[in-house]
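Residue 261 in the numbering used here sits at position 86 of the sequence shown; the count goes up by one each step and never skips. Even glycine gets a Cβ: it sits at the ideal position worked out from N, Cα and C. It should be emphasised that the depicted structure is a prediction, and the values quoted were computed from it without experimental measurement.
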Amino acid sequence: MSTIKAAPSKTSAFERLAQSRNGLGFLFMLPAALFLLVFLTYPLGLGVWLGFTDASIGRPGVFIGLENYGYLLEDRVFWMSVFNTILYTTVASVLKFGLGLWLALLLNENLPFKSFFRAIILLPWVVPTVLSALAFWWLYDAQFSILSFVLIEIGLIDAPINFLGDPNNARAAVIAANVWRGIPFVAISLLAGLQTIPASLHEAAALDGATSWQRFRNITLPLLTPIIAVVMTFSVLFTFTDFQLIYVLTKGGPVNATHLMATLSFQRGISGGALGEGAAIAVAMIPFLLAAILFSFFGLQRRKWQQGGSD
């Protein structure tokens, strides 16, 4: 008795791709890849190209090589913006880390209304940046500042402080505004990391006679190091590329004292119409951003660092 063999079923390439584990992962990642290609890769590539041209608003421009970058090397305002950006990022990031870590440790304790305070602490981060900047603009008003009024009433000063009219005061003022806005992100992120540390480690150390500082130094801080690296990388990136806060408060003034690279790029490229020069300033930010990312990336590759130890 002869047997009839079933014909092998034909599957399409799409079905084989969907049945493959790697293929399925590729399909899920495809929309995100297309999104990044359209809204990130293309603008980045266009910006790099514009930096090598003399393009302006209404004129495509021609290729001029490194002429824009050569001009920036001799531009005093550009180097002031580089100094301001590094100063702004360094001081603000250090303050946000210190105050954010202190706040995270405080919220990690058994406090009354702990959930309420955790929700309230997010408000500066949730409020739109422009609204925060407008609020600080009123606080720093040369004539009607509530800060100056309070200091005058308690006898610490005799006249209102010119917060945004003096270069040094303006730098300190914008840093303070950025710190106020950025602390919640650092605090909540580090608080999430603190929640992952087993309480048994602290209990065992306390039974062995370790003080609070010793427990923090030898248990909390090492185990929190990977979280700190990631959080501070994002904090540095957000601070380095800050634009809205500076633009609303000072627009780079007085006398370019608060110009960051991002605001100067906007002023030269959009307000001034020199797209090529503005793009060159924006491209000059990339090495600084890559340095921050690579520092965190290679640091997190260390096995001992990932496990909360030291090399």
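Going along the chain, which residues of its own chain have a beta-carbon closer than 7 angstroms to the beta-carbon of L412, five neighbours each way excluded?
By 1-based counting over the sequence shown, the position of residue 412 is 237. L464 and A467.
If distances are taken between C-alpha atoms only, which option among G357, D333 and A334 comes closest to L270?
On the sequence shown, position 95 is the one that residue 270 refers to. When only C-alpha atoms are compared, the closest one is G357.
Answer with buried or exposed for L469, where buried requires no fewer than 16 other C-beta atoms within 10 angstroms of its C-beta.
Position 294 of the sequence shown, counted from the start, is the residue given in the question as residue 469. Exposed is the call here.
Given a threshold of 16 other Cβ atoms within 10 Å of its Cβ, counted over all protein chains shown, does Q442 qualify as buried or as exposed?
Along the sequence shown, read from residue 1 onward, the residue named residue 442 stands at position 267. Classification for Q442: buried.
On the premise that V423 lies in contact with V349, defined as a C-beta separation below 8 angstroms, what is that separation, rounded to the nearest angstrom?
In the sequence shown, residue 349 corresponds to position 174, counting from 1. In the sequence shown, residue 423 corresponds to position 248, counting from 1. Going by Cβ atoms, the distance from V349 to V423 rounds to 10 angstroms, so no, they are not a contact pair.
Determine the extent of the alpha helix (DSSP H) in which N259 is found, giving its start and end residues.
As a first step, residue 259 is located in the sequence shown; it is residue number 84 there, counting from the start. First-last of the alpha helix (DSSP H) with N259: R251 to L282.
Range covered by the alpha helix (DSSP H) that runs through K289
Your numbering for residue 289 matches position 114 in the sequence shown. Run containing K289: K289 to I295, per the alpha helix (DSSP H) assignment.
For F253, tell me which candidate among T433, S446 and D229 has the shortest Cα-Cα distance.
Within the sequence shown, numbered from 1, the residue matching residue 253 stands at position 78. Among T433, S446 and D229, the Cα nearest to that of F253 is on T433.
Integer Cβ distance of N243 from G220, believed to fall under 8 angstroms:
Residue numbering aside, residue 243 sits at position 68 when the sequence shown is read from its first letter. Residue numbering aside, residue 220 sits at position 45 when the sequence shown is read from its first letter. Not really, about 17 angstroms apart at Cβ, beyond 8 angstroms.
So, for Q370: in the same chain, excluding its five sequence neighbours on each side, which residues have a beta-carbon less than 8 angstroms away from its beta-carbon?
Here residue 370 is taken as the residue at index 195 of the sequence shown, counted from 1. Hits under 8 angstroms: N283.
Counting C-beta neighbours from all protein chains within 10 Å, is the total for L298 16 or more, i.e. buried, or is it exposed?
On the sequence shown, residue 298 is found 123 positions in, with the first residue counted as 1. It counts as exposed.
Going by DSSP, what residue range makes up the alpha helix (DSSP H) through F360?
Taking the first residue of the sequence shown as position 1, residue 360 is located at position 185. P342 to Q370 is the extent of the alpha helix (DSSP H) around F360.
Give the straight-line distance between the Cα atoms of P342 and I336, rounded to the nearest whole angstrom.
The residue given as residue 342 occupies position 167 in the sequence shown. The residue given as residue 336 occupies position 161 in the sequence shown. Whole-angstrom Cα-Cα distance: 12 angstroms.
Return the chain-ordered list of same chain residues with a C-beta closer than 6 angstroms to the C-beta of G368, the five sequence neighbours on each side being excluded.
Within the sequence shown, the letter at position 193 stands for residue 368. Cβ within range, chain order: L399 and I402.
A182 versus L199 - alpha carbon distance:
What you label residue 182 is simply residue 7 of the sequence shown in a count that begins at 1. What you label residue 199 is simply residue 24 of the sequence shown in a count that begins at 1. Confidence at A182 is low in this model, with a pLDDT of 48, below 50, so its placement is unreliable and no value can be given for it.
For A362 and L278, the rounded distance between their alpha carbons:
Mapped onto the sequence shown, residue 278 falls at position 103. Mapped onto the sequence shown, residue 362 falls at position 187. In a straight line, the C-alpha of L278 is about 6 angstroms away from that of A362.
Under the three-state reduction of DSSP, which class applies to T386: helix, strand or coil?
What you label residue 386 is simply residue 211 of the sequence shown in a count that begins at 1. Coil, per DSSP.
Where S320 sits in the DSSP three-state scheme:
Along the sequence shown, one-based indexing puts residue 320 at 145. The answer is coil: DSSP assigns S320 none of H, G, I, E or B.
Burial state of V458, where buried means 16 or more other Cβ atoms lie within 10 Å:
Locating residue 458 in the sequence shown gives position 283, where the first residue counts as 1. V458 comes out buried.
Can the beta-carbon of N344 be found closer than 9 angstroms to that of L420?
Translated into the one-based positions of the sequence shown, residue 344 becomes position 169. Translated into the one-based positions of the sequence shown, residue 420 becomes position 245. Not in contact: N344 and L420 (Cβ atoms no closer than 9 angstroms).
How would you write the range of the alpha helix (DSSP H) that S440 sits in, first residue to last?
Against the sequence shown, residue 440 aligns to sequence position 265. Run containing S440: M436 to F441, per the alpha helix (DSSP H) assignment.
Boundaries of the alpha helix (DSSP H) in which Y315 is found, first to last residue:
By 1-based counting over the sequence shown, the position of residue 315 is 140. No alpha helix (DSSP H) holds Y315; DSSP gives it neither H nor E.
What is the DSSP secondary structure of T408, reduced to helix, strand or coil?
Along the sequence shown, one-based indexing puts residue 408 at 233. Helix.
I'd like to know whether the C-beta atoms of L247 and A455 end up nearer to each other than 9 angstroms.
The residue given as residue 247 occupies position 72 in the sequence shown. The residue given as residue 455 occupies position 280 in the sequence shown. Going by C-beta atoms, L247 is nearer than 9 angstroms to A455.
So I263 and L435 are in contact, right, with Cβ under 8 angstroms, and what is the actual spacing, rounded?
Along the sequence shown, one-based indexing puts residue 263 at 88. Along the sequence shown, one-based indexing puts residue 435 at 260. Note that residue 263 corresponds to Tyr in the displayed sequence, not to Ile. Contact flag correct, Cβ pair sits at about 6 angstroms.
Do you know how far the Cα of S268 is from the Cα of S410?
In the sequence shown, residue 410 corresponds to position 235, counting from 1. In the sequence shown, residue 268 corresponds to position 93, counting from 1. Taking the straight line joining both Cα atoms gives about 7 angstroms.
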